[in-house]
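Under the numbering used here, the first residue of the sequence shown is numbered 3, with each subsequent residue one higher. I have placed the structure first, in the form of structure tokens, so that the comments after it can refer back to it.
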Amino acid sequence: MVDNSVVVEMRNISIEFPGVKALDGVDLTLRAGEIHSLLGENGAGKSTLIKALTGVYAIDGGTINVAGATRTFHGTADAQDAGVAPVYQEINLLPNLSVGENVMLGHEVRGKFGINWKATHEKARTYLKELGLDVDPRSLLASHSIAVQQLVAISRAVVIDCRLLVLDEPTSSLDRSEVDQLFAVMRRLRGRNVAILFVSHFLDQVYEISDTMTILRNGKLEGEYPINALNKKQLIEKMLGRELAELDSISRAATRKIDRTGEPILKVLALGRKGAIEPVDLDVFDGEVLGLAGLLGSGRTELARIIYGADHADHGAIQVRGEHVRFAKPRQAIDHRIAFSSEDRRAEGAIADLTVAENIVLGVQAKRGWIRRVGSAQQDQLIAQYMESLGIRPNNPNALLSTLSGGNQQKVLLARWLATAPQLLILDEPTRGIDVGAKAEIQRLVVDLAESGIGVIFISSELDEVMRLAQRIVVLRDHRKIGELKNSAKTGVDDIVAMIAKEGAA
Ligand SMILES: Nc1ncnc2c1ncn2[C@@H]1O[C@H](COP(=O)(O)OP(=O)(O)OP(=O)(O)O)[C@@H](O)[C@H]1O
Ligand SMILES: [Mg+2]
3 MVDNSVVVEM
13 RNISIEFPGV
23 KALDGVDLTL
33 RAGEIHSLLG
43 ENGAGKSTLI
53 KALTGVYAID
63 GGTINVAGAT
73 RTFHGTADAQ
83 DAGVAPVYQE
93 INLLPNLSVG
103 ENVMLGHEVR
113 GKFGINWKAT
123 HEKARTYLKE
133 LGLDVDPRSL
143 LASHSIAVQQ
153 LVAISRAVVI
163 DCRLLVLDEP
173 TSSLDRSEVD
183 QLFAVMRRLR
193 GRNVAILFVS
203 HFLDQVYEIS
213 DTMTILRNGK
223 LEGEYPINAL
233 NKKQLIEKML
243 GRELAELDSI
253 SRAATRKIDR
263 TGEPILKVLA
273 LGRKGAIEPV
283 DLDVFDGEVL
293 GLAGLLGSGR
303 TELARIIYGA
313 DHADHGAIQV
323 RGEHVRFAKP
333 RQAIDHRIAF
343 SSEDRRAEGA
353 IADLTVAENI
363 VLGVQAKRGW
373 IRRVGSAQQD
383 QLIAQYMESL
393 GIRPNNPNAL
403 LSTLSGGNQQ
413 KVLLARWLAT
423 APQLLILDEP
433 TRGIDVGAKA
443 EIQRLVVDLA
453 ESGIGVIFIS
463 SELDEVMRLA
473 QRIVVLRDHR
483 KIGELKNSAK
493 TGVDDIVAMI
503 AKEGAA
């Protein structure tokens, strides 16, 4: 049965980086059979605290007590020996091995003649079943979705009998049914007395899954609370240290009048690519935010990539202000002042070993061509302007991108594309991994950009965000456009959901 004994006690933890006190006297108590959410703004210190707990960073002050014994971790192996198993987004798995081999890695069943693979896979199947996962242990890990791969990583927690599971933003690229599956596994592990630390910027998910929460603010402990002790508004106030600014001015954006009499900035005619997206028509006018809604995997990103020239269309045409264009590569789209901010900051674009400033000017530089360097005074001005307006922290253009928190890296990418002064900006999940405060800031920024005349294609899994910003919404499902919605005071998220569901029944 669940016993709620203390598994980990971190007391008075401090970690300092050159110029940044990332953690300042933070406490965290994790108990068996409890799902504990760690909350705070981008840069509050969540990942740093986790890295202290999992032995990635040495602590400068404080104590870590695991199962009653004080521990000093000189690396992740020490932490794992103590039963602390992290599951990061970049999962430490071997894609070219089978699911079963991954689950059982280092714990294979051995017989007289070495590893008994049949028995190993059978055992893996049992473990997976216990967590409610119906995955063939003999299938290749790489053949599964990221979500399933992540669940396989988590199921290793059972194999190595860890008492603590650490999940840093595990749901950021999962769709709803995948989140359900993950939560089911988390609940089962909780039932087996595992202590679980969970980090997410989706506050609804935090309320849905956790028992307890610890809030950090600016590297300091704000407090620990039972999940029911604070409502969402109170939680946000504690995270931000202030009230969340009213979103009223933003919600009115959706019903702003757009002049659609002239040439659109972009017109897409039966644009498609076999296997990625069926032929789609759409247009975007000056000052308009066009939402692209649909479930994960519905073809939103595929469509954006084709428009931008990152992938090739095998069908259809693109016009920019009435002129027929063909984008064989993104550079040509950039030349037409079209910018694309990708949803996947790690794979596309964010260069960890460059500074914030270098990452920001990269877009401007690509646009000008590498021969015509951007003047350094102009550069500094651009960088300062966007760091300021996006609230990038730390406010230091010379910091390496890798030292920024996840959400702040996302803002740097956004700054890169804004600095190119685009006429059309394609934003793919721009607020993913971004805290509630900064999310509101980014939404406001999108509204401001549109009001200044820029056209925006706004892709987001969060439908209420799309509803709040877009004047028209193109709905995709199963790799094709199933309809278009004009936003008004009367339309709501339910209208999009109904559209997607109706099509499903047909
Ligand atoms: N290796 C490092 N070198 C220098 N500074 C760092 C390093 N790692 C983190 N920091 C700084 O420590 C602070 C806390 O960052 P951390 O990544 O823990 O934030 P977070 O709460 O996880 O934010 P997010 O929600 O954006 O992921 C930030 O100011 C960050 O820039
Ligand atoms: Mg983080």
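Note that the Cβ used here is the ideal one computed from N, Cα and C, for glycine as well.
What first and last residue would you give for the beta strand (DSSP E) that runs through residue i?
{"i": "I52", "result": "From DSSP, I52 is part of no beta strand (DSSP E) but of the alpha helix (DSSP H) over 48-55."}
{"i": "S16", "result": "8-19"}
{"i": "Y227", "result": "222-228"}
{"i": "R341", "result": "First, the amino acid is wrong: residue 341 is Ala here, not Arg. Element bounds for A341: 340-343."}
{"i": "S157", "result": "That residue, S157, is in no beta strand (DSSP E); its alpha helix (DSSP H) goes 148-161."}
{"i": "K492", "result": "From DSSP, K492 is part of no beta strand (DSSP E); its letter is neither H nor E."}
{"i": "E325", "result": "325-327"}
{"i": "D26", "result": "22-33"}
{"i": "F75", "result": "Note, F75: premise wrong, no beta strand (DSSP E); not H, not E."}
Tell me whether the beta-carbon of residue i lies closer than 7 Å to the beta-carbon of residue j.
{"i": "I217", "j": "K240", "result": "yes"}
{"i": "G77", "j": "R165", "result": "no"}
{"i": "G296", "j": "L478", "result": "yes"}
{"i": "A312", "j": "R275", "result": "no"}
{"i": "V28", "j": "L223", "result": "yes"}
{"i": "R13", "j": "T74", "result": "no"}
{"i": "A401", "j": "I362", "result": "no"}
{"i": "F287", "j": "R262", "result": "yes"}
{"i": "I394", "j": "K413", "result": "yes"}
{"i": "I260", "j": "Q473", "result": "yes"}
{"i": "S490", "j": "T257", "result": "yes"}
{"i": "P266", "j": "H317", "result": "no"}
{"i": "R219", "j": "G21", "result": "no"}
{"i": "A341", "j": "W419", "result": "yes"}
{"i": "G221", "j": "A452", "result": "no"}
{"i": "V201", "j": "E171", "result": "yes"}
{"i": "E129", "j": "V150", "result": "This sequence places Tyr at residue 129; Glu is not what is there. No. Outside cutoff."}
{"i": "V9", "j": "A197", "result": "yes"}
{"i": "P228", "j": "S343", "result": "no"}
{"i": "E36", "j": "D213", "result": "yes"}
{"i": "V101", "j": "V137", "result": "yes"}
{"i": "T56", "j": "A81", "result": "yes"}
{"i": "A319", "j": "L242", "result": "no"}
{"i": "R328", "j": "P424", "result": "no"}
{"i": "L487", "j": "I475", "result": "yes"}
{"i": "S16", "j": "L25", "result": "yes"}
{"i": "N44", "j": "A440", "result": "yes"}
{"i": "V448", "j": "L471", "result": "yes"}
Quick check on the DSSP output: the alpha helix (DSSP H) that includes residue i runs from which residue to which?
{"i": "F204", "result": "Unbroken run through F204: none, as it is neither H nor E."}
{"i": "A121", "result": "119-132"}
{"i": "R307", "result": "302-310"}
{"i": "F185", "result": "178-193"}
{"i": "Q445", "result": "438-453"}
{"i": "P424", "result": "Segment: none, P424 is in no alpha helix (DSSP H) and carries neither H nor E."}
{"i": "E390", "result": "378-392"}
{"i": "G102", "result": "101-106"}
{"i": "L465", "result": "465-471"}
{"i": "R333", "result": "332-337"}
{"i": "T78", "result": "78-83"}
Between the options, which has its C-alpha nearest residue i's C-alpha?
{"i": "G301", "options": "K276, R482, E226", "result": "R482"}
{"i": "K23", "options": "L32, K369, I61", "result": "I61"}
{"i": "G408", "options": "D29, E36, G47", "result": "G47"}
{"i": "M211", "options": "S141, K131, L199", "result": "According to the sequence shown, residue 211 is Ile rather than Met. The shortest C-alpha separation from I211 is found at L199."}
{"i": "L268", "options": "T74, V468, V458", "result": "V458"}
{"i": "E105", "options": "I117, K114, R127", "result": "With the sequence shown as reference, residue 105 is identified as Val, and Glu is not the correct amino acid for it. Taking only the C-alpha atoms, the option nearest V105 is R127."}
{"i": "E574", "options": "T122, S100, V495", "result": "Past the edges of the chain, shown from 3 to 508, lies residue 574, and the structure says nothing about it."}
{"i": "L426", "options": "R470, F460, Q445, V154", "result": "F460"}
{"i": "R33", "options": "E226, P139, G113", "result": "E226"}
{"i": "S7", "options": "E124, N195, V161", "result": "N195"}
{"i": "A352", "options": "R323, G70, L403", "result": "L403"}
{"i": "L167", "options": "I502, G264, H38, N410", "result": "H38"}
{"i": "D355", "options": "T405, V270, A144, T214", "result": "T405"}
{"i": "M389", "options": "Q367, D346, A197, I444", "result": "I444"}
{"i": "K331", "options": "T422, A368, D283", "result": "A368"}
{"i": "T357", "options": "G113, P399, K114", "result": "P399"}
{"i": "G63", "options": "F19, L96, G324", "result": "F19"}
{"i": "D177", "options": "F204, I117, L142, E325", "result": "F204"}
{"i": "A442", "options": "E464, I309, G365, D182", "result": "E464"}
{"i": "E467", "options": "E11, G264, V291", "result": "V291"}
Does any residue of chain D bring its CB to less than 7 Å from the CB of residue i?
{"i": "D206", "result": "The structure shown has no chain D; it contains just one protein chain."}
Taking 6 Å as the line, does the beta carbon of residue i fall inside it for any heavy atom of ligand 4?
{"i": "V22", "result": "Absence of ligand 4 is noted for the structure shown, with ligand 1 and ligand 2 being the only ligands found."}
So which residues put a beta carbon under 7 Å from any heavy atom of ligand 2, going in chain order?
Every residue whose Cβ sits closer than 7 Å to any heavy atom of ligand 2 is listed here in chain order: K48, S49, D170, E171, V201, S407, G408.
Considering only residues of the region 240-286, which uninterrupted beta strand (DSSP E) runs meet the minimum length of 3 residues and lie entirely inside it, listed in chain order?
With a minimum length of 3 residues, the continuous beta strand (DSSP E) runs that stay inside the region 240-286 are 268-275, 279-286.
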